[in-house]
Amino acid sequence: DKRVKTLYFDNKTHSLCAIDQTKLPQKLQYIYISDVTTLYDAIKTLKIRGAPAIGVGAALGLYACALRFEDNTTEGFAYSFKKTAEIVRSSRPTARNLFYAVDRMQNAVNRAEGTTVDIMLGELKAEAQSIFDEDIAMCRCIGEYGAELLKDGSTVLTHCNAGSLCAVEYGTALSPIYVAAEQGKRVKVYADETRPLLQGARLTAFELSEAGIDTTVICDNMAASLMQHGKVDIIITGCDRVAANGDFANKVGTLSLAINAKHFGVPFYVAAPSSTVDESIPDGSEIIVEQRCGLEISDYWYSTPMVAPKAKCDYNPAFDVVPRELITGFITEKGVTDSIV
Ligand code: MRU
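Per the numbering used here, the very first residue in the sequence shown carries number 4; after that it's consecutive.
Right, here's the structure in full:
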């Protein structure tokens, strides 16, 4: 299989191998991860990012760590796994896929309790492989169902990066665009640059333009004007966690996009695999929104600071929560639907 993968398990080094997304678009560089400190850091600092990729990375990374545990008694192994899993769980708070994957890996160890370390490792390997395979399959299905919403000549607006770089491949929100292109439809994409970390400008624009898709980057504050001028047929974004009632968290800026879309009557679809759905949360008010360092607003990505030195940058939520009623529907691996559960 020659398709570029965002992350995979490298059988030569027995490590998680992932594209370092902080280096894009300048460099396509892979990192190899086999210890918990590096794994935690990679997720925290967005080397591995995007909800599905965080989940798959946690699963493959936990297996790589487990291969190297020093205490090889079954009790010692199970204890080391629990501690390692707790550290990985604390790397970021919002994307449901992280907890979904860590829980599945922990359950794999629990199932094998009282057997041998080899059997526990076998369970972990199989579980990580399933999470990896399911991610590819779910994203592909999202693409096939979502492509039905796109016509030849459609113009799509998207926010942040929910493409092949946010998952093993295909991605969520951009998967319908890739499938539509395979079907010979010409689709034009407007990509919000996505302040402050510029996942739209650096990542979405990179992967779409490399795939030959007509892509224009806009500043986030241009989206309303674009809609007002009738230049957007459909908005598709990904999401990081969906509550049982369909409220969802996505990259900050999605809320104003949804409000504007409602105002201008532009259809707005959210693409999500079932690993992003959190049925334990009744509505969006319970979603924990990550607050990140203000230097992301003032300094990162700029050669000199962009904010007056005496001003504060102490409000930097990475996500916002969008009420269900603002959007048209969801694209999941099961189809285009009104209700996510
Ligand atoms: O902070 P990130 O880059 O991990 O943010 C996640 C995102 O890219 C978006 O919110 C995305 O739409 C959801 S991931 C499919």
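Beta carbons are placed, not taken as given, at the ideal position from N, Cα and C, and that holds for glycine.
What are the boundary residues of the alpha helix (DSSP H) that residue i is part of?
i	result
residue 135	120-150
residue 361	An answer regarding residue 361 cannot be provided, because it is not within the stretch 4 to 344 covered by the chain.
residue 217	Looking at the DSSP string, residue 217 is not in any alpha helix (DSSP H); the run it does join, the beta strand (DSSP E), is 217-221.
residue 105	99-114
residue 226	226-231
residue 208	208-213
Under a three-way DSSP split, which group does residue i fall into?
i	result
residue 417	This structure gives no information on residue 417, because the portion of the chain shown stretches from 4 to 344.
residue 265	helix
residue 18	strand
residue 334	strand
residue 195	strand
residue 186	coil
residue 23	coil
residue 1	With the chain running from 4 to 344 in the structure shown, residue 1 is simply not present.
residue 44	helix
residue 179	helix
residue 274	strand
residue 294	strand
residue 340	strand
residue 171	coil
residue 39	helix
On a CA-only basis, which of the options is nearest residue i? Give me that one, please.
i	options	result
residue 73	258, 84 and 287	84
residue 373	51, 259 and 314	Residue numbering for the chain in the displayed model covers 4 to 344; residue 373 lies beyond these limits and cannot be assessed.
residue 220	184, 108, 162 and 124	162
residue 198	60, 246 and 255	255
residue 165	8, 54, 289 and 280	54
residue 69	183, 80 and 181	80
residue 136	114, 115, 106 and 173	173
residue 205	18, 19, 30 and 129	30
residue 186	158, 153 and 218	153
residue 301	61, 289, 314 and 88	314
residue 60	242, 8, 78 and 82	8
residue 230	261, 211 and 336	261
residue 280	110, 86 and 101	101
residue 112	212, 167 and 129	129
Starting from residue i, trace the beta strand (DSSP E) in both directions and tell me its first and last residue.
i	result
residue 79	No beta strand (DSSP E) holds residue 79; the alpha helix (DSSP H) holding it covers 77-92.
residue 161	158-161
residue 246	244-246
residue 254	251-254
residue 72	Premise fails: residue 72 is in no beta strand (DSSP E) and is neither H nor E.
residue 36	33-36
residue 324	322-325
I think residue i touches residue j, with their Cβ atoms under 8 Å apart; what is that distance to the nearest whole Å?
i	j	result
residue 145	residue 96	No, residue 145 and residue 96 are not in contact; Cβ-Cβ is about 24 Å, not under 8 Å.
residue 160	residue 226	6 Å
residue 148	residue 334	6 Å
residue 292	residue 324	7 Å
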